[in-house]
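One structure below.
2 protein chains.
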Amino acid sequence: MTVTTSPDAGTRRSRQRAATSQEIKDVARRLLVEQGTAALSLRAIARKMGVTAPALYRYFDGHEALVAALAADFYNELCDQMEAAEAAVGSEVGSEVPDEQRAEPGTVVAHQLMAATIAFRTWSVTHPAEFSLIFGTPIPGVDLYDETSAACVAGQRFGLVFAALFIQLWAVRPFAVPDLSELDPRLLPQLEEYRERGGVDLPLPVVYVFLSCWARIYGLVTMEVFGHLTFALSDAEPAFMTELFQIGRLLGLADVVAELA
Amino acid sequence: MTVTTSPDAGTRRSRQRAATSQEIKDVARRLLVEQGTAALSLRAIARKMGVTAPALYRYFDGHEALVAALAADFYNELCDQMEAAEAAVGSEVGSEVPDEQRAEPGTVVAHQLMAATIAFRTWSVTHPAEFSLIFGTPIPGVDLYDETSAACVAGQRFGLVFAALFIQLWAVRPFAVPDLSELDPRLLPQLEEYRERGGVDLPLPVVYVFLSCWARIYGLVTMEVFGHLTFALSDAEPAFMTELFQIGRLLGLADVVAELA
DNA sequence: ACACTCTTGTGAACGATGTTTACTTCGTGA
DNA sequence: TCACGAAGTAAACATCGTTCACAAGAGTGT
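Chains as they are written, first to last, in the working numbering: chain A, 42 to 302; chain B, 42 to 302.
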């Protein structure tokens, strides 16, 4: 019934079990990618595996549980991609020119933030089905943001990837932010609570700018993936880069933007 | 087979037909709202209407056609709401103070733009199921943005509500926009084509700002409706208003924002 | 008034789906 | 060795969209 999350601990049975569990998710993902959300059916998965549908209930509590597990995996894969892009920039930029010779401090962090954002879009655009599962319309009956859900912690990890870079950037290279008076008074306690609970240790206006930037990126990428931008643009990548650079300028990264453009 | 779009033209049979067609959509919507996307099934609709499922095929080509028709209706309802809000502001503000006495020209248009945007969010938040259908994950098998689809022209109408206000605002009260050099070169021809085909007669940077603003609004509202913002905010309305005002300032409407805040 | 046509609706059926239940088979740990 | 528990199966139930042949009815032309 309950999915044993044991990694590969001993008892060869559990290893077999984990392998089968993984195979189910692999087949499910292949079906999802190749034939769309509608093809993500237990029976189809079972058929592809040469097994009957009820057998899958030994590994997942049902269809929605499997979807939730997939979502968690996708979240983590996306985070991995973003962190990989971040790490790559770190070595590249860092090795080319010693940090002391740079005109501005925090250039590496800025590049990492850009790279992570680009990686977010790249993964999303190249994995539209997976993206839809985690960022699209909530699947009826699947509370992705429920506690006790693996997808929930994965989602929080995702949030922290951006947040950590933002915090670093602010620490090493603060930028202009709106005045507190420009923020809706009712927003402040919410930001305050998020700062504490989410571990985003920043001044409130910076927290707002962070959320605002994330919403801009999310909006643009979501529109692109869902085809809600085709009414205006045939290829959304240039628009994304333009928007990213505009955000960069907003964060006082004009030099980094000029370097990348 | 084909849905007769005749309003209520003569032949009492077609009136009856239109009424039944409307009842189907009404029942479908009630099911959608009360029980979610999954409950939007032909059989459930038929059951509620005291009729068998195949009867519905006399009115709609199938499940996806019904969904597309609903989407078109929702689009139009949303547009109506936005235009109503726009019209209300026009009379209010216009009657209070004669336009010549205002400090800045175009204040009415600015208020209308704000009101329409707020109306967009209000409708979206109070109609999450309907919103999901038109702005969420594309339903597999339903090309909402296919030509020949009623939803397509409704979608274009929606785009024009914002665009028209933007054009008016720019005409009467131009604002600061990014330099052409800040736009990705590959973006320019796309903007140019959209300007012509979409009838958005504006300088290219203004077209970009328009799309950027729309993406920001879309992103924030989508995140709110889909619950992708709950990780940080318990009530997204203050954040929305803050973002809206920030956009207003970006469009040189600091006075209007101050007035509304 | 009659017959004819076209519309509307029905019932049965087909192939899918998720899920539950009882039953079998078989590996593994004591 | 042997019993326990895990893994898998077959059958069944309730759904779903969709198609088909057919019956009843309204509307119409003569």
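Note that CB positions come from ideal geometry on N, CA and C, so glycine has one too.
The shortest CA-to-CA distance from Thr78 (chain A) to any of A:Leu174, A:Thr61, A:Thr167 and A:Thr283 is the one to A:Leu174. In terms of beta-carbon proximity, Pro279 (chain A) lines the interface with chain B, with at least one pair separated by less than 7 Å. Counting C-beta pairs with one atom in each stretch, the stretch 272-288 of chain A and the stretch 251-268 of chain B have three or more that are closer than 8 Å, which means they touch. Contact between Leu243 (chain B) and Ile208 (chain B) holds, since their C-beta atoms are separated by about 6 Å, short of 8 Å. In this structure the stretch 264-284 of chain A does not lie against the stretch 270-280 of chain B, because fewer than three pairs of beta carbons, one per stretch, are closer than 8 Å. Non-local C-beta neighbours of Ala191 (chain B) in its own chain, meaning closer than 6 Å and more than five positions away in sequence, comprise Ala113, ordered along the chain.
The C-beta of Gly200 (chain A) comes closer than 7 Å to at least one C-beta of chain B.
Residues of the same chain with a CB within less than 7 Å of the CB of Leu229 (chain B), apart from the 5 flanking positions on each side, are Leu245 in chain order. In terms of beta-carbon proximity, Tyr259 (chain B) lines the interface with chain A, with at least one pair separated by less than 7 Å. In this structure Glu234 (chain A) is exposed. Its beta-carbon is surrounded by fewer than 16 other beta-carbon atoms within 10 angstroms. Near chain A, meaning a CB-to-CB distance below 8 Å, the residues of the stretch 203-231 of chain B are Pro219, Glu223, Leu224, Asp225, Pro226, Arg227, Leu228 and Gln231. CA-CA distance, Ala151 (chain A) to Glu300 (chain A), rounds to 11 Å. Following the DSSP letters along the chain, one finds Glu223 (chain A) in no alpha helix (DSSP H), marked with neither H nor E. Residue environment: Ser62 (chain B) is assigned as buried (16 or more neighbouring CB atoms within 10 Å of its CB, all protein chains considered). Residues of chain A whose Cβ lies closer than 9 Å to the Cβ of His168 (chain B) do not exist, since the nearest Cβ in that chain is about 14 Å away.
Sequence-distant partners of Val130 (chain B) (beyond 5 residues in either direction) whose C-beta falls short of 6 Å from its own C-beta, in its chain, are His152, Gln153 and Ala156. Proximity of chain A to Met282 (chain B) at the Cβ level (cut-off 7 Å) is accounted for by Asp225, in chain order. For Tyr235 (chain A), the closest Cβ of chain B is nearer than 7 Å.
Around the Cβ of Thr178 (chain B), a 10 Å sphere holds 16 or more other Cβ atoms; the residue is buried. Interface flag for Ser173 (chain B) against chain A is set, since a Cβ pair is found closer than 7 Å.
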